[in-house]
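Line by line, the protein sequences are chains Y and B.
Numbering-wise (our numbering), the first sequence opens with residue 20 and increments by one.
Numbering-wise (our numbering), the second sequence opens with residue 20 and increments by one.
First the structure, in the form of structure tokens, and then the observations on it.
Protein chains: 2
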Amino acid sequence: MTPPRDPLPPLAELWMLKDGADQDVVVSSRMRLARNVQGFRFRARFRPDEAERLERHLRGALKAARPELQYASLKDLTSAQRDVLFERHMVSAEHVQEGHARGVGFSADGAVSVMVNEEDHLRLQVFAPGLDLPRVDAEVNTLDDRLAALVPFSYSDTWGYLTSCPTNTGTGLRVSVMLHLPALSFRPEAKGGQGEPGIVKVSKAAQKLGLTVRGTHGESSRAEGDFYQVSNQVTLGRSPEQALSDLAAMLTQVVDYERNSRAILVKEDKTRLEDVVWRAWATLRHARRMSSREALAHLSALRLGTCLQLIDTVSLRTLHTLMVAMQPGHLQQAAGRELRPQERDVVRAQLIRDTLGAA
Amino acid sequence: MTPPRDPLPPLAELWMLKDGADQDVVVSSRMRLARNVQGFRFRARFRPDEAERLERHLRGALKAARPELQYASLKDLTSAQRDVLFERHMVSAEHVQEGHARGVGFSADGAVSVMVNEEDHLRLQVFAPGLDLPRVDAEVNTLDDRLAALVPFSYSDTWGYLTSCPTNTGTGLRVSVMLHLPALSFRPEAKGGQGEPGIVKVSKAAQKLGLTVRGTHGESSRAEGDFYQVSNQVTLGRSPEQALSDLAAMLTQVVDYERNSRAILVKEDKTRLEDVVWRAWATLRHARRMSSREALAHLSALRLGTCLQLIDTVSLRTLHTLMVAMQPGHLQQAAGRELRPQERDVVRAQLIRDTLGAA
């Protein structure tokens, strides 16, 4: 079977462009399960051909469990296509870097993705826009159950699900939400810019609850554009229900804290806020070259301004579209060729101008 | 005689808003003469009442020599009005700081100004837009001749005109031009931003010719917005004609150098240039607060873009109007009250938005 010529779903269909609950602060909800298959070694200890054999096996199981999912072997994808998958959070940074017998199954809207031969044999992921933990919980468990009926997962009565890295052993579960926390990231100007932003307190509080706060792409990335991922850390000796309720309890507080901080900013320093928001709008619409870091910072400011109704020139959907489309892989995929970083900055600025000019 | 209620000419009449020769690079030409009056001590050694007596004397002479000039004693002006005079280059920074028996005579367009009791008894200044040294030369000398016929100036056959500070003794002449040198101020990006901008070479070459290159307000100010004042340094043992021709020769080269540098930028890095220009335009039209330093940098970029026809959204006259009107004294004069620096930034941004929105 030859892979489809362009296996990537169109941008306009992506789950992340849809509205969700509490979307002024909560960008998305995600649940991920790590699973390994009995009778196969962990990835680090694969024998020759074991990876290929497992990929074929899992691809077949996936087709049986969820026929509507597409599947792509990473080796069949161009570098830009793999980057596109990564930029849509459908595969991890590690997964796209090496193509050997790795693959990914995914739904047309990208909300469901299954990495094959990542760190674990299987990583099942379900996303939803806004705050919707019950939905991602239900969907990922349905998928898990169907696959478990077809493939015997490595499981120990003592340890739970066995995983390649012990930090996932037990539930194999990571539940996380992506939060937009611009007000908590603002340095209080009244104290001469020296005050501690609220996000520092959030991180400390999260740690005490066994949660972590990280940048948009997980472990190794910094929080760009004031987007933070909050997720559970403990998978061993704690039930999935406990992980979910810990996160949900923390979330309620963080969402309130961010909203209150925004309200205080609007009340006490509206001009400063409007200045940031309008400068972002103006710069995005007129710059002739722009790095993705700068673009994300401006899009973040516009997102805040839009949620606070300080500006109504652009929809959240358009902002979210740009956040995805302005990334290097998407730019190169759209251009149909590799772009040097300097070229990308020019193409990115053009895309943003075109998009916002018509917004 | 009571001073007029608002002795300041309206902004719209100012000489600096008019077109001039070579105005893409040369903002303005200026000639200044330092003169002292026989029978009066230098300012530093004034006896009680000597300053007042001299001011009355010179005010009368000025009225007789040029009846159309207005006259204001600085003590009769508000702090904002004195700042306005300074911001229009009609008085020096030193002159406005202390009001004791100091005054200024000036034409309605501000092109002629005569400081009384500054460092010297008299400082005669004439400005013209663009490059026009013969005009300012002729006008300042006509004024000098008329005053000399009414007031005996301190003069030595050996030294020439005697002045309070020996650096002015001799001709008492300072001839200067204000240049806009954005291309020569650009750091060459090709060398990783480490290359030496052309303005450094210009400064070195100027020194060898006995000329100096400084910021917009002379001695103690830095070059903001890429505006540089080039002036003669030597007043002793060199004729006014020599000072003029030295400066003129240097100018031809600097103007060519700047124009060539602009042409190279347009040819080799047009996107970078357009990026700077359009960001400046966008930010000026949308920011909600802005320092005068930032505003001047953006106005400078727009001036460059306008001269290079990269942008045609605004006239040079409007840009020059804003450069004057957005300064603290002008803002406070327009507001009719003192403004705290933070307030000024908000009022400035508003003025710029209003002006460019309708441009």
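All residues carry an ideal CB built from backbone N, CA and C; glycine is no exception.
Residues sharing a beta bridge with residue i, DSSP
{"i": "residue 89 of chain Y", "result": "Y:125"}
{"i": "residue 251 of chain B", "result": "B:230"}
{"i": "residue 198 of chain Y", "result": "Y:45, Y:247"}
{"i": "residue 142 of chain Y", "result": "Y:53, Y:134"}
{"i": "residue 40 of chain B", "result": "B:149"}
{"i": "residue 307 of chain Y", "result": "Paired residues: none, contrary to the question."}
{"i": "residue 192 of chain B", "result": "B:52"}
{"i": "residue 175 of chain Y", "result": "Y:179"}
Euclidean distance between Cα positions of residue i and residue j
{"i": "residue 246 of chain Y", "j": "residue 193 of chain Y", "result": "18 angstroms"}
{"i": "residue 297 of chain B", "j": "residue 307 of chain Y", "result": "8 angstroms"}
{"i": "residue 138 of chain B", "j": "residue 106 of chain B", "result": "19 angstroms"}
{"i": "residue 108 of chain Y", "j": "residue 165 of chain Y", "result": "23 angstroms"}
{"i": "residue 145 of chain B", "j": "residue 281 of chain Y", "result": "54 angstroms"}
{"i": "residue 102 of chain Y", "j": "residue 368 of chain Y", "result": "19 angstroms"}
{"i": "residue 351 of chain Y", "j": "residue 96 of chain Y", "result": "13 angstroms"}
{"i": "residue 114 of chain Y", "j": "residue 98 of chain Y", "result": "12 angstroms"}
{"i": "residue 348 of chain Y", "j": "residue 49 of chain Y", "result": "22 angstroms"}
{"i": "residue 225 of chain B", "j": "residue 320 of chain B", "result": "25 angstroms"}
{"i": "residue 310 of chain B", "j": "residue 359 of chain B", "result": "12 angstroms"}
{"i": "residue 45 of chain Y", "j": "residue 317 of chain Y", "result": "18 angstroms"}
{"i": "residue 372 of chain Y", "j": "residue 314 of chain Y", "result": "11 angstroms"}
{"i": "residue 200 of chain B", "j": "residue 312 of chain B", "result": "17 angstroms"}
{"i": "residue 69 of chain Y", "j": "residue 59 of chain Y", "result": "7 angstroms"}
{"i": "residue 125 of chain Y", "j": "residue 85 of chain Y", "result": "10 angstroms"}
{"i": "residue 357 of chain B", "j": "residue 304 of chain Y", "result": "36 angstroms"}
{"i": "residue 366 of chain B", "j": "residue 294 of chain B", "result": "26 angstroms"}
{"i": "residue 300 of chain Y", "j": "residue 75 of chain B", "result": "57 angstroms"}
{"i": "residue 204 of chain B", "j": "residue 217 of chain B", "result": "6 angstroms"}
{"i": "residue 129 of chain B", "j": "residue 104 of chain B", "result": "9 angstroms"}
{"i": "residue 92 of chain B", "j": "residue 123 of chain B", "result": "6 angstroms"}
{"i": "residue 55 of chain B", "j": "residue 361 of chain B", "result": "42 angstroms"}
{"i": "residue 176 of chain Y", "j": "residue 57 of chain Y", "result": "14 angstroms"}
{"i": "residue 37 of chain Y", "j": "residue 80 of chain Y", "result": "30 angstroms"}
{"i": "residue 35 of chain B", "j": "residue 197 of chain B", "result": "11 angstroms"}
{"i": "residue 29 of chain B", "j": "residue 337 of chain Y", "result": "47 angstroms"}
{"i": "residue 232 of chain Y", "j": "residue 173 of chain Y", "result": "30 angstroms"}
{"i": "residue 47 of chain B", "j": "residue 40 of chain B", "result": "9 angstroms"}
{"i": "residue 195 of chain B", "j": "residue 52 of chain B", "result": "12 angstroms"}
{"i": "residue 185 of chain Y", "j": "residue 64 of chain Y", "result": "15 angstroms"}
{"i": "residue 190 of chain B", "j": "residue 275 of chain B", "result": "29 angstroms"}
{"i": "residue 110 of chain Y", "j": "residue 292 of chain Y", "result": "35 angstroms"}
{"i": "residue 322 of chain B", "j": "residue 344 of chain B", "result": "16 angstroms"}
{"i": "residue 147 of chain B", "j": "residue 290 of chain Y", "result": "40 angstroms"}
Counted within 10 angstroms of its Cβ, other Cβ atoms place residue i as buried (16 or more) or exposed
{"i": "residue 251 of chain Y", "result": "buried"}
{"i": "residue 21 of chain B", "result": "Summary for residue 21 of chain B: the model assigns pLDDT 45, below 50, so the residue's position carries little reliability; its value from the coordinates is reported in the next sentence. Exposed is the call here."}
{"i": "residue 154 of chain Y", "result": "buried"}
{"i": "residue 277 of chain Y", "result": "buried"}
{"i": "residue 287 of chain B", "result": "exposed"}
{"i": "residue 119 of chain Y", "result": "exposed"}
{"i": "residue 187 of chain B", "result": "buried"}
{"i": "residue 264 of chain Y", "result": "exposed"}
{"i": "residue 87 of chain Y", "result": "exposed"}
{"i": "residue 171 of chain Y", "result": "exposed"}
{"i": "residue 31 of chain B", "result": "exposed"}
{"i": "residue 331 of chain B", "result": "exposed"}
{"i": "residue 219 of chain B", "result": "exposed"}
{"i": "residue 259 of chain Y", "result": "buried"}
{"i": "residue 156 of chain B", "result": "buried"}
{"i": "residue 262 of chain B", "result": "buried"}
Neighbouring residues, chain B, relative to residue i (Cβ below 8 angstroms)
{"i": "residue 302 of chain Y", "result": "298, 301, 302"}
{"i": "residue 66 of chain Y", "result": "None at all; the shortest Cβ gap to chain B is about 49 angstroms."}
{"i": "residue 290 of chain Y", "result": "307, 308, 365"}
Residue-level contact to chain A via CB, residue i, 8 angstroms cutoff
{"i": "residue 293 of chain Y", "result": "Any reference to chain A falls outside this structure, whose protein chains are Y and B."}
Inset, instruction - Taking only beta carbons into account, state which residues of the stretch 257-282 of chain Y come closer than 7 angstroms to chain B, listed in chain order. - result: none
Legend entry - Interface positions of the stretch 301-335 of chain Y facing chain B (Cβ-Cβ less than 7 angstroms), listed along the chain: 301, 302, 304, 305, 306, 307, 308
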